[in-house]
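First to last, the protein sequences are chains A and B.
Sequential numbering from 183 applies to the first sequence in my numbering.
Sequential numbering from 183 applies to the second sequence in my numbering.
There are 2 protein chains.
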Amino acid sequence: MPSAFLSFDARVRGTWKKAFPDLIAGTLAQVPPAATPVWALRPAGPDVDVTNLVAGLRRQAGGRPLVLLADEPGEDEALTALAAGASGYCNGHAAPAVLEQVALAVGNGGVWVGQGLMQRLLAATSRGLPAPGAGKAAAWRERLTEREQEAAVLVAQGASNKEIARRMSITERTVKAHVGAMLEKLGVHDRLRLSLIVNGLEAPR
Amino acid sequence: MPSAFLSFDARVRGTWKKAFPDLIAGTLAQVPPAATPVWALRPAGPDVDVTNLVAGLRRQAGGRPLVLLADEPGEDEALTALAAGASGYCNGHAAPAVLEQVALAVGNGGVWVGQGLMQRLLAATSRGLPAPGAGKAAAWRERLTEREQEAAVLVAQGASNKEIARRMSITERTVKAHVGAMLEKLGVHDRLRLSLIVNGLEAPR
DNA sequence: GGAAGCATTGTACTTCGGTACAATAGTTAA
DNA sequence: TTAACTATTGTACCGAAGTACAATGCTTCC
Numbered sequence: 183m184p185s186a187f188l189s190f191d192a193r194v195r196g197t198w199k200k201a202f203p204d205l206i207a208g209t210l211a212q213v214p215p216a217a218t219p220v221w222a223l224r225p226a227g228p229d230v231d232v233t234n235l236v237a238g239l240r241r242q243a244g245g246r247p248l249v250l251l252a253d254e255p256g257e258d259e260a261l262t263a264l265a266a267g268a269s270g271y272c273n274g275h276a277a278p279a280v281l282e283q284v285a286l287a288v289g290n291g292g293v294w295v296g297q298g299l300m301q302r303l304l305a306a307t308s309r310g311l312p313a314p315g316a317g318k319a320a321a322w323r324e325r326l327t328e329r330e331q332e333a334a335v336l337v338a339q340g341a342s343n344k345e346i347a348r349r350m351s352i353t354e355r356t357v358k359a360h361v362g363a364m365l366e367k368l369g370v371h372d373r374l375r376l377s378l379i380v381n382g383l384e385a386p387r
Numbered sequence: 183m184p185s186a187f188l189s190f191d192a193r194v195r196g197t198w199k200k201a202f203p204d205l206i207a208g209t210l211a212q213v214p215p216a217a218t219p220v221w222a223l224r225p226a227g228p229d230v231d232v233t234n235l236v237a238g239l240r241r242q243a244g245g246r247p248l249v250l251l252a253d254e255p256g257e258d259e260a261l262t263a264l265a266a267g268a269s270g271y272c273n274g275h276a277a278p279a280v281l282e283q284v285a286l287a288v289g290n291g292g293v294w295v296g297q298g299l300m301q302r303l304l305a306a307t308s309r310g311l312p313a314p315g316a317g318k319a320a321a322w323r324e325r326l327t328e329r330e331q332e333a334a335v336l337v338a339q340g341a342s343n344k345e346i347a348r349r350m351s352i353t354e355r356t357v358k359a360h361v362g363a364m365l366e367k368l369g370v371h372d373r374l375r376l377s378l379i380v381n382g383l384e385a386p387r
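So this is what it looks like as structure tokens:
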């Protein structure tokens, strides 16, 4: 199954041709039938609504995976495109080998992103993890009572005892009791370390 | 360059052989030289420290991309593996075509993840990100002097003023000066919120 | 019925963190 | 050469955090 490459004027680049000799050229206005995946070159300029662009192309593509090509790629834009349902986002001037690789990935129902963006995704997500070690739900929760867990979350967000007291409708003294119990159970002595544990940056002891 | 497939007993599966007829088999204890990428089958059971496993394998692999295979893959574990430096994480029973695809991606310095995990990464990123600034160097660094940055990192890890003083070879009073300056510059009033900023969980004001 | 765990609150104390009001000295830029 | 910024340290104070030693009322389990 050949790939379809879409641009404003159906112009085809050498690198594309080299990666896919039997490609189908088309314009952004319409997707030729019987081609997968669909590649679309993003129009230049800062005033392009990528979300709409991708959404429109996907409608035309009818379920076939869509890869957006950008001559001036940006990671934020990549996120936008992928969030809008694109299966890939890469440099319009990428080498043929890279294009082939992307085609393989998205052709098999996968998603392709560059390494830089992947790093960023990982960095953003790994923070919310149950921390290294335990593969399951947050380990700290299991050791705390419900009330303590509520307080723990607030502490981890930077709330003071007084604030927590107000939000939990209890006395500041009781907050201290909860916090003290949590610290004891988790083997730490101050709320900052507790915060690190709750935020998945440190493993509970 | 052939791929190396590692398991506990150097056993090779048909799907692997089909994808890479010239693969090199080995045990988790040692990585054969001259093979890239390195595939490692995760030992079964819930008590495996994936972070350590990946770290150890990477040391043995010496720079070659590592793909962790899991017979009961989980997205949390995938994140853990990738965060620990693996280049890919996929089902140990994946079809040969998928394995080839993964090999292509990681062989070219890329990272491979399944579609489900990608969705989750995207969801997590589009929500809880410190917004557009995340792609760059941390915004908080730019506002702080070098010495303040050093102290900031230690504070974010949960060190006390006394500890920081010792590790920076200065007086506790000077630490207070640095911390005070940082809080002022970042618009907060306590070290826990500073920690949230430095750890990327909250945007500086 | 008692033991155990949890939620709640009180008083009192110590320690740590953060700030106010300083000073000295080195480096850089106008 | 000033002015501005930085790094360093001092004394002093206040408030928040954490701990010690309690008590009361509720539920659950043996």
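Glycine is no exception: its CB is placed at the ideal position from the N, C-alpha and C atoms.
{"Asked": "CB contact check: residue 273 of chain B to chain A, cutoff 8 Å", "Found": "no"}
{"Asked": "Backbone CA spacing between residue 387 of chain B and residue 365 of chain A [nearest angstrom]", "Found": "29 Å"}
{"Asked": "Any non-hydrogen atom of the ligand COA closer than 7 Å to residue 222 of chain A Cβ", "Found": "No copy of the ligand COA occurs in the structure displayed, which carries no ligand at all."}
{"Asked": "Beta-carbon proximity check, residue 250 of chain B vs residue 236 of chain B, cutoff 8 Å", "Found": "yes"}
{"Asked": "CB of residue 267 of chain B within 8 Å of CB of residue 284 of chain B, strictly", "Found": "no"}
{"Asked": "Whole-angstrom distance between residue 261 of chain A and residue 308 of chain B, CA atom to CA atom", "Found": "Below a pLDDT of 50, predicted positions are generally treated as unreliable, and residue 308 of chain B, at 43, falls in that range; no measurement from the model is reported."}
{"Asked": "CB contact below 8 Å: residue 377 of chain B versus chain A", "Found": "yes"}
{"Asked": "Continuous beta strand (DSSP E) stretch holding residue 223 of chain B: start and end", "Found": "220-223"}
{"Asked": "Cut-off 8 Å between Cβ atoms - residues of its own chain near residue 199 of chain B, not counting five sequence neighbours on either side", "Found": "205"}
{"Asked": "For residue 343 of chain A, the nearest candidate out of A:357, A:273, A:256 (CA to CA)", "Found": "A:357"}
{"Asked": "8 Å Cβ cut-off: residues of chain B touching residue 383 of chain A", "Found": "381"}
{"Asked": "7 Å CB neighbourhood of residue 288 of chain B in its chain, flanking five on each side removed", "Found": "219, 247, 249, 269, 270, 294"}
{"Asked": "is_contact[residue 365 of chain A, chain B] using C-beta, thresh 8 Å", "Found": "no"}
{"Asked": "Residue-chain proximity (residue 235 of chain B, chain A), Cβ-Cβ < 8 Å", "Found": "no"}
{"Asked": "Per-residue DSSP class, three states only, for residue 270 of chain B", "Found": "strand"}
{"Asked": "Environment of residue 382 of chain A [buried if 16+ CB atoms lie within 10 Å]", "Found": "buried"}
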